[in-house]
Every structure is written in structure tokens, then in C-alpha cells.
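Residue 2 is where the sequence shown starts when you use this note's numbering, and the numbers rise one by one after that.
Let me begin by presenting the structure, written as C-alpha cells, before commenting on it.
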Amino acid sequence: MQVNPYLFFNGNCEEALKYYQKVLNAEIEAILPYENGPADMPTPPEWKKKVMHAKITIDGEVIMASDAFPGHFNPPQGFAVSLQVGDPGDAALRFRALSDGGTVTMPFAKTFFSKGFGMCIDKFGTPWMVNSPLEGM
Numbered sequence: 002m003q004v005n006p007y008l009f010f011n012g013n014c015e016e017a018l019k020y021y022q023k024v025l026n027a028e029i030e031a032i033l034p035y036e037n038g039p040a041d042m043p044t045p046p047e048w049k050k051k052v053m054h055a056k057i058t059i060d061g062e063v064i065m066a067s068d069a070f071p072g073h074f075n076p077p078q079g080f081a082v083s084l085q086v087g088d089p090g091d092a093a094l095r096f097r098a099l100s101d102g103g104t105v106t107m108p109f110a111k112t113f114f115s116k117g118f119g120m121c122i123d124k125f126g127t128p129w130m131v132n133s134p135l136e137g138m
């Protein structure tokens, strides 16, 4: 069994994935636009180029995503995508990139449980936790 986060966006999925490709070294493995769906699938013309399904990997870990169908998007709540980064300097860089243009909910800093930890909501609305764990954690 494999468990993977599935992120929904409000029309800016492809932009978000390209940003993650740039700042997290994510590999975009697949992007399927709505226009490639069945001909009888009722899709508004302005939504044809939006992402119906996508798959990226970050250091081998899979995240899937799409643009929520019009009228079905809800801002994310009750979760965060958690990055575990061994090097605290690298973790700080990734945190700064993810929080750029977004909202920092907990500044990146050393804690009692990590060499560095921070929480943010990126400019696309996705909540993130970036952690550089202490040995044995």
C-alpha cells in the first residue's frame, strides 16, 4: 500500500507544480488536462487547459494534484505537507522558497525537537511544515 497526498488547486495547479519543480527539485511525471477527458465530460471551455490530474515526485515521494472542478474548490485545512530535510541549511532554504509570497505561520528556527522547523502556507494556499529533525527523531 502507498499513501500519497492529493492537493487541489483553484485553477493554478500547473503554476504551483512548476514552482515546486523549481524550489523543491520536484519532478513532474504527468499532467493531464481536462481537455483530454472523455468528450462527453461536461467541462467549461475556460477549464479545458486546467489540470484534471497530475503526479510529481520529490526525492522519490509522490504527490498528486489537480485543479478542482469549478465551484468545488475549498481552501486546504486540517493538514500540512511535511518535508523532512536532513541538512538544516537546506531545510531553511526550502522553507524560505515555500513561504515566499505566502504566509509564515511559524518561523523557521531551531526547536527542542529539531535542528530547524517552520510552518507556512505557500502562495498557492498549500500548508507546509519543513523539518530538519534531530538525530534519532
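We put the CB at the ideal spot given by N, CA and C, even for glycine.
Small disclaimer: the values here were computed from a predicted structure and weren't measured.
At least three beta-carbon pairs within less than 8 Å, the segment 105-122 to the segment 60-68: Too few Cβ pairs lie closer than 8 Å, so no.
What is the DSSP secondary structure of residue 86, counted as helix, strand or coil? By 1-based counting over the sequence shown, the position of residue 86 is 85. DSSP places residue 86 outside both helix and strand once states are collapsed to three, so it counts as coil.
Beta-carbon spacing of residue 85, residue 26 below 8 Å: Working through the sequence shown from its first residue, we reach residue 85 at position 84. Working through the sequence shown from its first residue, we reach residue 26 at position 25. Between residue 85 and residue 26, the C-beta gap is not smaller than 8 Å, which leaves the two residues out of contact.
So within the segment 72-135, which uninterrupted beta strand (DSSP E) runs reach at least 3 residues, ignoring any that extend past its ends? Segments of the beta strand (DSSP E) lying fully in the segment 72-135: 82-85, 104-112, 115-122, 128-134.
Going by the beta-carbon positions, is the gap between residue 81 and residue 130 smaller than 8 Å? Working through the sequence shown from its first residue, we reach residue 81 at position 80. Working through the sequence shown from its first residue, we reach residue 130 at position 129. Contact: yes.
In whole angstroms, what separates the C-alpha of residue 97 from that of residue 17? On the sequence shown, position 96 is the one that residue 97 refers to. On the sequence shown, position 16 is the one that residue 17 refers to. In this structure, the straight-line span from the alpha carbon of residue 97 to that of residue 17 is close to 16 Å.
Closest residue to residue 105 among 12, 11, 29, 120 (Cα-Cα distance): Translated into positions along the sequence shown, residue 105 becomes position 104. Minimum Cα distance to residue 105 is reached at 120.
DSSP three-state assignment for residue 34, whether helix, strand or coil: Mapped onto the sequence shown, residue 34 falls at position 33. DSSP places residue 34 in strand when its eight states are reduced to three.
Residue 15, enclosing alpha helix (DSSP H) - first and last residue: Residue 15 sits at position 14 when you count from the first residue of the sequence shown. According to the DSSP assignment, residue 15 belongs to the alpha helix (DSSP H) that extends over 14-25.
Count the other C-beta atoms from every protein chain shown that fall within 10 angstroms of the C-beta of residue 135, then say buried if there are 16 or more, exposed otherwise. Counted from its first residue, the sequence shown places residue 135 at position 134. That one is exposed.
Check whether the Cβ atoms of residue 35 and residue 56 sit closer than 8 Å, and answer yes or no. In the sequence shown, residue 35 corresponds to position 34, counting from 1. In the sequence shown, residue 56 corresponds to position 55, counting from 1. No, they are not a contact pair.
Using a Cβ-Cβ cutoff of less than 7 Å, which residues in the same chain neighbour residue 87 once the five nearest sequence positions on both sides are dropped? Sequence index remark: in the sequence shown, residue 87 carries index 86 (1-based). Closer than 7 Å at the Cβ level, and outside the excluded window around residue 87, lie 133.
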